[in-house]
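Have a look at the structure below before the remarks.
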Amino acid sequence: ALPLSYYEDYKIRRYGFHGTSHSFVSKKAAEIVGKDYADLKTIVCHLGNGASISAVMNGKCVDTSMGLTPLEGLIMGTRSGDLDPAIVEFIANKENKTASEVLNILNKKSGVFALSGEFSSDFRDLESAYKNGDKNAQLAVDAFAYRVAKYVGAYTAAMNGVDVIAFTAGIGENSPFVREKVLSYLGYLGIEYDPAANAQRGDVVKISTDSSKVAVYAIATNEELAIARETYALCK
Numbered sequence: 068a069l070p071l072s073y074y075e076d077y078k079i080r081r082y083g084f085h086g087t088s089h090s091f092v093s094k095k096a097a098e099i100v101g102k103d104y105a106d107l108k109t110i111v112c113h114l115g116n117g118a119s120i121s122a123v124m125n126g127k128c129v130d131t132s133m134g135l136t137p138l139e140g141l142i143m144g145t146r147s148g149d150l151d152p153a154i155v156e157f158i159a160n161k162e163n164k165t166a167s168e169v170l171n172i173l174n175k176k177s178g179v180f181a182l183s184g185e186f187s188s189d190f191r192d193l194e195s196a197y198k199n200g201d202k203n204a205q206l207a208v209d210a211f212a213y214r215v216a217k218y219v220g221a222y223t224a225a226m227n228g229v230d231v232i233a234f235t236a237g238i239g240e241n242s243p244f245v246r247e248k249v250l251s252y253l254g255y256l257g258i259e260y261d262p263a264a265n266a267q268r269g270d271v272v273k274i275s276t277d278s279s280k281v282a283v284y285a286i287a288t289n290e291e292l293a294i295a296r297e298t299y300a301l302c303k
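In our numbering, the protein residues as written are 68 to 303.
What follows is the structure, encoded as structure tokens:
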């Protein structure tokens, strides 16, 4: 937390990103499970080269992993995600760099790209290398999945439970491998999933079993449609 004056003077606050995707997918999840959007507790995992997670309760987003900028939160393709803010000054002093130069590294040369030994930020490449025994690729994917699961756990606590977990965006929709890595941490929530179902592709894929205490889906996002709907609502 920062001094309140920074918000009052400069409007520094948690804004979050991928809002249209989180809105579309959380509403779609309510439609799929046949429950009122206002009564549902949903965690949306928007996992792409840029990635964020949201907690949606009572029809409102109550928390999200990105902050003032898209740098905070999950480990991403080339973004570092959460880290100790003092690292910026530490690196700047050690390498005689400006704060802007260090931030450029955190935005463009970090994340799974860095953890993989600068091999790739593309999870298709990382999955292949992971399965071929590449230790750096394994570190990158495992760290990514761990951070996602960590946020899911935190948001479940924040909402005092979760009804639906929805994976979306490029990785969330198309990587059964990454989804399985994330779900391997979440058995304590009573989640049961079907590996065969997880391997399927489609706009809506139910991953959890009927006996699972939490419904888990892969849902294709449609940010353009979400924007069109919001625009239409404003013009009515």
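Beta carbons are placed, not taken as given, at the ideal position from N, Cα and C, and that holds for glycine. Computed from a prediction, not measured in an experiment: that's the story for all the values here.
Asked: Among residues of its own chain, excluding the 5 on either side of Tyr73, which ones have a beta-carbon nearer than 7 Å to its beta-carbon?; Found: Ile79
Asked: In the segment 184-220, which residue ranges form an unbroken alpha helix (DSSP H) of at least 4 residues, counting only runs that do not cross its ends?; Found: 190-198
Asked: Just the Cα atoms here: how many angstroms apart are Asp149 and Val123?; Found: 21 Å
Asked: Give a yes or no on whether the C-beta atoms belonging to Ile110 and Val272 are separated by under 8 Å.; Found: no
Asked: Determine the direct distance from the alpha carbon of Ser195 to that of Asn265, and round the result to whole angstroms.; Found: 18 Å
Asked: Helix, strand or coil: which one does DSSP assign to Ala122?; Found: strand
Asked: Assuming the contact rule is C-beta atoms closer than 8 Å, Val129 and Ala225 should be a hit. Round their C-beta distance to whole Å, please.; Found: 7 Å
Asked: Does the beta-carbon distance from Asn203 to Gly184 come in below 8 Å?; Found: yes
Asked: What beta strand (DSSP E) runs, 3 residues minimum, are completely inside the segment 83-123?; Found: 108-114
Asked: Kindly indicate the opening and closing residues of the beta strand (DSSP E) around Thr131.; Found: 127-131
Asked: Once you ignore the five residues that flank Leu107 on each side, which residues in its own chain have a CB closer than 6 Å to its CB?; Found: Ala97, Asp230
Asked: What separation, rounded to the nearest whole angstrom, lies between the Cα atoms of Gly85 and Phe234?; Found: The residue asked about is misnamed: residue 85 is His in this sequence, not Gly. Distance between the alpha carbons of His85 and Phe234 is about 13 Å.
Asked: Please return the same chain residues whose Cβ sits closer than 8 Å to the Cβ of Asn241, not counting the five positions on each side in sequence.; Found: Arg268
Asked: Go to Val231, then tell me how far its beta strand (DSSP E) extends in each direction, as first and last residue.; Found: 231-235
Asked: By Cβ distance, which residues of its chain are closer than 6 Å to Val328, with the 5 residues on each side in sequence left out?; Found: One cannot answer for residue 328 here, as it falls past the ends of the chain, which runs 68 to 303.
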